[in-house]
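See structure below.
In the working numbering, the protein residues as written are 1 to 179.
Below, the structure is given as structure tokens:
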């Protein structure tokens, strides 16, 4: 009645009808004529859902918005094939053990473009994305990604000029009740 939820007609379920956004602004004074190293670290998850639009039945649904979602996080065919394979494995394990399988979609955004108030490009840009566990999946729009550990991906760029913000999709897949 208050408009907090909306029905998804195709599936007959109800989903939230809101979005939350958090912005942090920091004022910093740098000494004139000196080289300053700036390092940012992020740990929080900005948004999440249990289950979601990555399931084949939702992403192939007409007007699901999945194409826009996939473009936003640069989700490619390889990612989807791996995700579908993991979902099939999860279903097999669930049938054998009676446990339920779940996955989550966790979203982290970092503003690169509007924060570009420095003069010229970022001389030495380094991004490390830690997936927490080796079997978690991750997708984001950046080239030159290298795996540096079982859980970490790294991007290094010289004279980097961001063209947009960074949005990262984490997908942990897990079993409930054991395994």
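Ideal Cβ positions, reconstructed from N, Cα and C, are used throughout, including at glycine.
The model shown is predicted, which means the values in this text are computed figures rather than measured ones.
>> If you measure between the beta carbons of residue 128 and residue 168, is that distance less than 8 Å?
In response: Cβ distance not < 8 Å, so residue 128 and residue 168 don't count as in contact.
>> Closest to residue 156 by C-alpha separation, out of 121, 125, 1 and 93, would be which residue?
In response: Closest option to residue 156, Cα to Cα, is 125.
> In this structure, does DSSP put residue 131 in helix, strand or coil?
Replying inline: In this structure, residue 131 counts as coil in the three-state DSSP scheme.
>> Which residue marks the beginning of the alpha helix (DSSP H) containing residue 66, and which one marks its end?
In response: 66 to 73 is the span of the alpha helix (DSSP H), which, as asked, contains residue 66.
>> Checking the sheet assignment: what are the DSSP bridge partners for residue 146?
In response: In the DSSP output, where bridge partners are listed per residue, residue 146 has 154.
> How many angstroms separate the CA atom of residue 51 from the CA atom of residue 61?
Replying inline: In a straight line, the C-alpha of residue 51 is about 16 Å away from that of residue 61.
>> Quick check: residue 122 and residue 160, are their CB atoms within less than 8 Å of each other?
In response: The Cβ atoms of residue 122 and residue 160 sit closer than 8 Å to each other.
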